Amino acid sequence: MRLSYHADTDSLYIHLVEHPGVEAREVATGVVVDFDANGKPVGIDIDHAQNILDLTTLEAESLPVKIMTA
3 MRLSYHADTD SLYIHLVEHP GVEAREVATG VVVDFDANGK PVGIDIDHAQ NILDLTTLEA
63 ESLPVKIMTA
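For what it's worth, our numbering labels the leading residue of the sequence shown as 3, then goes sequentially.
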């Protein structure tokens with residue numbers, strides 16, 4: 003999973019998996035979920051993110067995080 007914030011549009015995209023979506027559905031005002039060909043969500047786009055989310059912190063609990071080395 004990867005987060006991409008675009009300050010010029012105040013949008014946050016949450017990449018759930020790294021393959022393209024083929025369909026997009028607005029699930030709430032300004033919140034669009036992208037789905038793959040099998041109907042599984044691949045990403046979430048949130049417009050006007052600062053009005054919807056608290057972007058000052060990011061916390062994670064109990065994630066199976068793999069440490070990447072350079």
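Beta carbons are placed, not taken as given, at the ideal position from N, Cα and C, and that holds for glycine.
Since we're looking at a predicted model, the values are computed, not measured.
Ile46, DSSP secondary structure in three states = Of the three classes helix, strand and coil, the one that applies to Ile46 here is strand, per DSSP.
Gly41 to Thr71 span [Cα, whole Å] = Between the alpha carbons of Gly41 and Thr71 lies a gap of roughly 33 Å.
Length of the line joining the Cα atoms of Asp47 and Ala62 = One C-alpha to the other measures close to 20 Å.
Exposure label - Asp36; buried when at least 16 CB within 10 Å = Answer is buried; the Cβ neighbour count reaches 16.
DSSP-derived helix/strand/coil call for Ala30 | DSSP places Ala30 within a strand segment (E or B) once states are collapsed to three.
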